[in-house]
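Trainee:
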Amino acid sequence: MAFDDALFQLGMDLTRSSTAQKEDHYETVHAIAHDFEKSEHDDVEFTGTHLIIDLFNAKRLDELMHVERTLKRCVEMAGATLLHINLQRFPKNGGLSGVVVFDKGHANIRTWPDRDFAAIDLMFMARNSAQREALVQAIEQAFKPGAMETTVCRRAKDSRRTKVRAKPVVTESQPKVATRRLRRAA
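Numbering of the sequence shown is given in the working numbering, commencing with residue 50 and proceeding in unit increments.
(1) On the three-state DSSP scale, how would you describe residue 164?
(2) Are the beta-carbon atoms of residue 201 and residue 131 separated by less than 8 Å?
(3) Check residue 100 in the structure and name its three-state DSSP category.
(4) Terminal residues of the continuous alpha helix (DSSP H) containing residue 113?
(5) Compute the Euclidean distance between the alpha carbons of residue 117 and residue 204, then round it to the nearest angstrom.
(6) What residues in its chain sit with their C-beta under 7 Å from that of residue 108, if we drop five residues either side in the sequence?
(7) Can you grab the Cα-Cα spacing for the pair residue 138 / residue 169, in whole Å?
(8) Let me know the secondary structure DSSP gives residue 181 once reduced to three states.
(9) Kindly give me the distance between the Cβ atoms of residue 153 and residue 183, rounded to whole angstroms, as I take these residues to be in contact under 8 Å.
(10) Per DSSP, which one or two residues make a beta bridge with residue 170?
(11) Here's a check: name, in chain order, each residue in its chain whose Cβ is nearer than 6 Å to the Cβ of residue 167, leaving out the five neighbours to either side.
(12) Considering only the beta carbon of each residue, do residue 148 and residue 124 sit closer than 8 Å?
(13) Could you check where the beta strand (DSSP E) with residue 151 kicks off and where it finishes?
(14) Between 165, 146 and 120, which lies nearest to residue 185 when the distance is taken from Cα to Cα?
(15) Let me confirm a value: residue 89 is counted as buried when at least 16 other C-beta atoms fall within 10 Å, else exposed. Which label applies?
(16) Could you tell me how far apart the beta carbons of residue 188 and residue 134 are, in whole angstroms, since I believe they sit closer than 8 Å?
(17) Distance, Cα to Cα, residue 242 vs residue 157?
(18) Which same chain residues, not among the five before or five after residue 155, have their C-beta less than 6 Å away from its C-beta?
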């Protein structure tokens, strides 16, 4: 009963459904892109590759200099020029958060040493899948995770949408991404 009283005091009508319970319709803005790459597996043009990497049971997640060296190595492997790097330590659990900006993309990292978990996002202009694999292997060697999950997403795959002026488009479909599990440690 107290819960209903609290909702009533907030001005919520308990007899009608809440707008927070309705399905959201997302607004997407298609922007102009200028740098396209061809995939070696098909003839689809895309602006770049977004790697979303989750590391489980990983090591050295609280070592600021190690994380910085690893991110710089990824920039070099991508054949890019480092523009900016900023890493911050969280005093409570020793976790790190950081961003690396380079001329062909960016990288973000957030570590939770108390959980042995790290989340890494890499957005870069991919030349081929071998380069993507090399970046993933470099991260794997640096942090030695017990398990690792990588999601690969090609950005702006359809060039027709990026050669027109930006305009809002309402869509209910979510972008398709390919998730694959790389390896589990024994």
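Ideal placement from N, C-alpha and C gives every residue a C-beta, glycine not left out.
Mentor: So, to answer that:
(1) In this structure, residue 164 counts as coil in the three-state DSSP scheme.
(2) No, these two residues do not count as a Cβ contact at 8 Å.
(3) Strand.
(4) Start and end: 113 to 126.
(5) Linking residue 117 to residue 204 through their CA atoms gives a straight-line distance of about 26 Å.
(6) Excluding positions up to five away in sequence, the list reads 192 and 193.
(7) Residue 138 and residue 169: Cα-Cα distance of roughly 16 Å.
(8) In the structure shown, residue 181 adopts helical secondary structure according to DSSP, grouped into three states.
(9) Contact flag wrong, Cβ pair sits at about 15 Å.
(10) The bridge partners DSSP lists for residue 170 are 101 and 157.
(11) Contacts found: 104, 107, 110 and 160.
(12) Judged by beta-carbon spacing, residue 124 lies beyond the 8 Å limit of residue 148, meaning their Cβ atoms are not closer than that value.
(13) Taken as a continuous stretch (DSSP letters only), the beta strand (DSSP E) holding residue 151 covers 145 to 151.
(14) The candidate whose alpha carbon is nearest that of residue 185 is 120.
(15) Low confidence applies here, because residue 89 scores a pLDDT of 48, under 50, leaving its location unreliable; read the following figure in that light. Flag for residue 89 reads exposed.
(16) By a beta-carbon distance limit of 8 Å, residue 188 does not contact residue 134. Their separation comes to about 16 Å.
(17) No statement about residue 242 is possible, as the shown extent of the chain runs from 50 to 235 and does not include it.
(18) Closer than 6 Å at the Cβ level, and outside the excluded window around residue 155, lie 172.
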